[in-house]
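The block underneath contains the structure these notes are about, expressed in C-alpha cells.
Protein chains in written order, with this note's numbering: chain H, 1 to 289; chain C, 1 to 289; chain G, 1 to 289; chain B, 1 to 289.
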C-alpha cells in the first residue's frame, strides 16, 4: 500500500498546494506571451492608459501619453467594479469602438477588466489580456471562463487575500487549462488611512520564490494618490516586479473614476523614462517574439 | 437652477449613499418573510444544519438535531466556495434530492449558497433563501441575478469589507428590485491567528442604526472553532442580532468541509435552549404569518 | 542526557510558553482579590466612572451614577495616554484628593492607569488596581514595577497584540512575582472605520481556555460610541466575560477626553440593571470575602 | 475677540496637529547630524550590524562585514524587547565594552535600542543614536527622557500605528526640546502570514510630504526573512528612503535573536554595493560635516 500523495490528473504533479503554478525548486520563471511581447523574468512591462474608457478624446490623450512614456501595453476598462450601484459602471459595449481605434493606432495590446462571463463576448475583439479584479479574485466561475477564452488572464490580489490564497486562485485558472497568468499586486487593506490601500511590495519576491508566474504591481490603485505613484512604481521595479500598471488622465478633475490617482501626461512620460532606466539597471530588457 | 440631489428612479428617494437599504430616521426595521416566518426586529431566527450536503445520512442527522434545537430554518450547501480547486466543491445537482427530502420532512425553509447565476436553476425547487458568500459580496452580477429570482437573499459581509461597502452591496440587490435581504456578519480578517476570523459583533448595532434590514451572525465560520461557537452565538443575541446560523455535524472528524467548527447534535440542542431563553429576555418572540 | 525542557526557577513548571498564567488542563480559573471582592470565575464585576478625573463635581456625578448602577469598583484616571502632546494629559498629582474623596464616600476600590513607574508613588494611597493601557502592553519595565507594588494589575490588550502576546505580557507580571492580574479586552485595530476599534469578544473564551486569569471587557474604548456601549457590554457578559468597565460622564459634550463614548448617568443605571440580570442568568454572583 | 488658534509656547507656531515636526509648505527637509555625518534629504545612510550584542567575536564579524559593505553607522543592541520574559533579553551593562571596542575600531556611530530611562545611563558612553522600538512608540515618558539626553532619537513606527500617530509621537520628542529625530518604518501588522510584518513603503513618501524629518527603513525586522531583505532594501531606496538599517550575523543559526532575518557577511557586502549605486542614481550622496 502506497502513502504517496495523489497526482494531478493532467499534469501528473503531486496534488498538494498549487502544483501547476508553484515554482518547483529553482526552475525558471514563466514568461507569458501577449501579442509579440513576453511578460515575466528578464523583461519589464509598462502598462498605462486611462482607468476607465470615457470618451474618444479622453482615451486618445491618455494613450498618446502612455505610448510616449514607452508603454508596451495599454489599459482602459469598459466595465468598472464600483462599490455603489449609482456610480459610473463603465461604457460597456458602447466603448468598444473607442478601444478598437486606440489599439489599431498604437499597435499595442489592450488590458481590461471583465466582471462577468457575459463580458467576454463583448471584449473579444478588442481586449488582449483579461483582467480579474481584486474583488473577484475568488469568483472562480469567472476565472474558469476566462481560462477557457484562450486569452492571458491578469489576476489581481484580493484586498484581504493572503499570498497563498492568491496563488490558489491562480491555480483555478491553471487547472482550467491555461498557464497564461499574470499576477498583479494592488494593495491590501489595513488600518492606515493615508493611502487607499497598503501596497505590499514584499509580495513580489515572495510570489517569485513560490510561483513561476510573472507578477506586476499597480501603484495607482495601490496608493490612490497621484503623488505616491512614481515613488511606489520605482520601488516596485527595485523589488523585482516584472512590470507596473499605471492610470493616466489628461484631466483628472473631470475623470468619472479614480481621478485623484491618475498621472498627468507629462508625469507618465517622465516616469516612463525613469522606469526604463531602473529596469535596465535591474537587468530587465524588452524582449519581443 | 436647483442644487437638490438627484432622485432614485423608482423609489424617488434622494440618491446619496444607499437610499433603499438605509434606515431613515427612527423608521421601523424591516422583517423579511421566509415561508411563514419573519426574520427581523422582534423575532429571533435560528438557522442550523450541515455546512455542506455530503450524504443522506449526514444531512439527516444534522437536521434532526437542528430541529430538536428549535431551528426555524435549515442550512446545507450544494456548492462550496473553496480556496483550492482540489478541495471538495459540493455535490451540486447530485445533492438536490437530499435537500428536498429533509425539507419535506421538517417543513422548514432551506438556506444555501449560490456561487454563480447558473446555480439558481439547480437550487430553484429546494432552496428558500439564496446565500451569497463573503468572497462574493461584491460579485454584483450574481447579486443582481439573485435579486431577480424572487427569493430572499442572505448577504454575508466580505472578509475585508467595511460596513458601508456591505450596505452598498445590499443596495445593488435593492436597486435590482428586491428588499428581501438578510445581512449576515461572519467575521473579518485581522492579524489574530487564534480564530479563523474576528467576529465583529459591533457590526450588529451599527447596521441596525444605519439600515432597516435584518442582520444575523454566523459564529461557526466567524470563529472556526467548536468551543467558541456557543459563547459567540449567545454574545450575538445579546448584541441584538436578529438570528444566528450554526453548523452541525454528527461526525465532525469525517466532515468534508469545516469539521472543526461544527457543533455535535447534543451541543446544538443545548445551545438552542439557551439561545431561545436569551432571545426571549431580549424581547424576541417567534412570529409566524 | 535528558531532553526535558528547563523548569521555571520559582514555580518549577516546565518553561514553555507562559507557564505561570497558562491554564493547566481543566484547572479552576483564578479569582483576583480587590479589597473585599473577587474578580474572576463565578463573579461579575462592573467597573464604572469617569474616563479622566477633571473636577470634583464631574467625578462626583459620574461616581454617584456608577454606584446607583451597581458598580463594584470605580474608575477615573489621573494620567491620560494621549496621542498628541498638546491634548489634556490628566490632572496627575492635583487630582489625588478628588479620587480620595469619592473612594471614601463610596467605599469602593478605584481603578486607574499608570504610564510610568514614577506614577506608582503618586497613586499609592488612592488607587487599588493599577491599569496598564493598550499602548503600554509591552512596556515591560512598567509591568515589572507594577508587579512589585503589591497591587493588582489590570493589563489591557494592545491594539495589534495577538492573544498569545497578551498572555506573554501577563507572564512578565507573573514572573516578577504577582499573579494578581486582570486582563482587559478593549478592541483591536482593523480597517473598519465605523468603530474606534473592533471589539474582539472571541478573545474572552479564547483567553479563558488558555489562561486561569480573569478577563473583562471595555466596550467604551472598544467602540468609541455611546450608542454601541450597551449592546457590546451585554454581548461581553453573554460571551462569558468576568466583568465590564464603562465610562460615565454627566456632560459628555464638555468632557476633556473621550466624551463621545461616555454613558450618561441615566444610561449607566439602566445598563447596570440589565447587566446584573444577565450576569445572574450566566451563573455569575457577586462574591465578597 | 480673536478666533485664531493658540500658539506653541516655544516655537510660536499655530498649535494644530504636530507643528514642530510638520513640513510647512515646501520647506526643505531636515538633516539630522550624527557624529560627522548627516541623515536626511540628499544623503543615503546604511546602518548595519548585529541585531543583538552577543559575544565579542560575533559583533566583530558582523561589524567587519558592515564596514566592508559601506555602512556609515553600526547597530547592535544591549537590550532586546522580547515578547517572552524567558527569551534572551540582551547583555545589558555586560555588553558595553564589546560595543565600545567596535565603535573605536570603526570610528562609526553606534545605534542601539533603549527600553527604559534607566538604560540611558548605561549606554551613555557608547551609543550615538538612541532607538525607541515599535512597541514603545507611544511610551511617551521614555521619549521625553531620550529627548533630554542630547542624543539623536530614532523612532520606529508602531505595529499598528497610523502615520499620523507616528508623527505625533515624534512631536512628543520635539516638544521636549529635540528635533534630532530619525523616523524608521519597520513594517505594520496585517493578516499576511508570509512575512513577519508588512513593510509599508508608501509610508516613506507620505512622511516626507508631511514632515521635514528624515525617514529610513528596516527591511530586516520588516520582513523577517533573509531572502526578502535585499529586494525590500532596494525598494526602500527607490521609494526615496533616507537610509536603511540591516541585521548582519556571521552564523545566523546560532543567533540568540532574529537569526532568520540576518544577512551573511557576503550578502551585506554585495547588497551594500548595489544600495550605493542605486542611492547615487536617486541623487543621494554621502555628505560629511
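Glycine included, every Cβ here is placed at the ideal spot set by N, Cα and C.
Remember, it's a predicted structure, so these values are computed and weren't measured experimentally.
- One thing to note: residue 74 of chain B has its Cβ within 9 angstroms of the Cβ of residue 106 of chain B.
- In this structure, the straight-line span from the alpha carbon of residue 9 of chain G to that of residue 173 of chain G is close to 15 angstroms.
- Cβ atoms of residue 69 of chain B and residue 91 of chain B stay farther apart than 8 angstroms, at about 24 angstroms.
- Residue-level contact check: residue 195 of chain H touches chain B, since one or more beta carbons of chain B fall below 9 angstroms from its beta carbon.
- Three or more Cβ pairs drawn from the region 240 to 251 of chain G and the region 56 to 68 of chain G lie within less than 8 angstroms of each other, which places the two stretches in contact.
- With contacts defined as CB atoms closer than 9 angstroms, residue 226 of chain B and residue 184 of chain B fail to qualify as a contacting pair.
- CA-CA distance, residue 274 of chain B to residue 224 of chain B, rounds to 21 angstroms.
- Listed in chain order, the non-local C-beta contacts of residue 269 of chain C below 8 angstroms within the same chain comprise 65, 68, 69, local neighbours out to five positions each way being set aside.
- If one requires a minimum length of 3 residues, the beta strand (DSSP E) runs lying completely within the region 100 to 164 of chain H are 110 to 113, 129 to 132, 153 to 156, in chain order.
- When secondary structure is reduced to three states using DSSP, residue 75 of chain H falls in the strand class.
- Under the three-pair Cβ rule at 8 angstroms, the region 146 to 156 of chain H counts as touching the region 128 to 136 of chain H.
- Residue 285 of chain C has its alpha-carbon roughly 51 angstroms from the corresponding atom of residue 121 of chain H.
- For the beta strand (DSSP E) assignment, the uninterrupted runs of no fewer than 3 residues enclosed by the region 163 to 190 of chain H are, from N- to C-terminal side, 181 to 185.
- Under the Cβ criterion of 9 angstroms, residue 191 of chain C is counted among the residues facing chain B.
- Residue 240 of chain B and residue 57 of chain B have their alpha carbons spaced roughly 35 angstroms apart.
- Per DSSP, the unbroken alpha helix (DSSP H) holding residue 210 of chain C starts and ends at 203 to 210.
- One finds 141 in chain G with Cβ atoms closer than 7 angstroms to the Cβ of residue 116 of chain B, taken in chain order.
- 232, 234, 235, 236, 237, 238, 239, 240: these are the residues of the region 232 to 244 of chain G whose beta carbon lies less than 8 angstroms from some beta carbon of chain C, given in chain order.
- Around the beta carbon of residue 231 of chain H, 16 or more other beta carbons lie within 10 angstroms, which makes this residue buried.
- The count of Cβ pairs closer than 8 angstroms, one atom from the region 180 to 198 of chain G and one from the region 201 to 209 of chain C, reaches three, so the stretches are in contact.
- CA-CA distance, residue 124 of chain C to residue 114 of chain C, rounds to 11 angstroms.
- Residue 37 of chain C: member of the beta strand (DSSP E) spanning 37 to 40, first to last residue.
- Not a single C-beta of chain C is nearer than 9 angstroms to the C-beta of residue 109 of chain H.
- Under a 10 Å Cβ-count criterion, residue 12 of chain H is classified as exposed, with fewer than 16 other Cβ atoms of the shown protein chains found around its own Cβ.
- Taking C-beta atoms under 8 angstroms as the contact rule, residue 216 of chain H and residue 182 of chain H qualify, at a distance of about 6 angstroms.
- Residue 221 of chain H sits close to residue 187 of chain H, with the two beta carbons spaced by under 9 angstroms.
- Residue contact with chain G for residue 218 of chain C: absent (no Cβ-Cβ distance below 9 angstroms to any residue of chain G).
- Within the same chain, Cβ atoms closer than 8 angstroms to the Cβ of residue 142 of chain G are found at 114, 115, 116, 117, 132, 136, the five residues on either side in sequence being excluded.
- Among the CB atoms of chain B, one or more fall inside 9 angstroms of the CB of residue 206 of chain H.
- Among the CB atoms of chain C, none fall inside 9 angstroms of the CB of residue 267 of chain G.
- Note on geometry: alpha-carbon atoms of residue 211 of chain B and residue 166 of chain B lie some 11 angstroms from one another.
- Within the same chain, 156, 157, 158, 159, 186 come within 7 angstroms of residue 134 of chain B by CB-CB distance, once the 5 residues on both sides are set aside.
- Residue 259 of chain G has its alpha-carbon roughly 25 angstroms from the corresponding atom of residue 238 of chain C.
- For residue 145 of chain G, the CB contacts under 7 angstroms within the same chain, skipping 5 residues up- and downstream, are 117, 120 in chain order.
- Remark: C-beta atoms of residue 76 of chain B and residue 110 of chain B approach each other more closely than 9 angstroms.
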